[in-house]
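Q:
In the working numbering, the protein residues as written are 4 to 107.
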């Protein structure tokens with residue numbers, strides 16, 4: 004009998020990751036790059052010199068990349084959604100009527 008050799012795929016059911024960016028942060032970076040390209044086109048059409056446009060977009064792009072990598076490392080795949088959900092939970096609930104506690 005011949006024995007079969009199977010390759011094991013160890014990446015099943017894991018979130019997508021690209022160069023250290025996890026899950027939704029890849030989309031955030033892509034959207035930011037598209038927004039920067041549109042901003043560059045607007046600045047160029049307005050009439051700003053191209054070197055100034057490139058400098059502004061390069062600085063904004065560097066800030067965008069650093070910020071998104073920082074968020075990806077800090078929160079991970081689901082951490083930012085959890086943090087935003089936690090902010091929506093009220094700190095306390097005030098009830099000014101007894102009708103909540105009275106059973107009818």
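Glycine included, C-beta positions come from ideal geometry on N, C-alpha and C.
Quick test of the definition: if touching needs 3 or more C-beta pairs under 8 Å, does the segment 89-103 touch the segment 63-79?
A: Short answer: they don't touch.
Q: Just the Cα atoms here: how many angstroms apart are residue 56 and residue 36?
A: Spanning the two alpha carbons is a distance of roughly 15 Å.
Q: Rounding to the nearest angstrom, what Cα-Cα distance links residue 66 and residue 82 in this structure?
A: Roughly 21 Å separates the two Cα atoms.
Q: If we ignore side chains and look at the alpha-carbon of each, how far apart do residue 52 and residue 64 end up?
A: Each residue's alpha carbon lies about 18 Å from the other.
Q: Helix, strand or coil: how does DSSP classify residue 22 here?
A: In this structure, residue 22 counts as coil in the three-state DSSP scheme.
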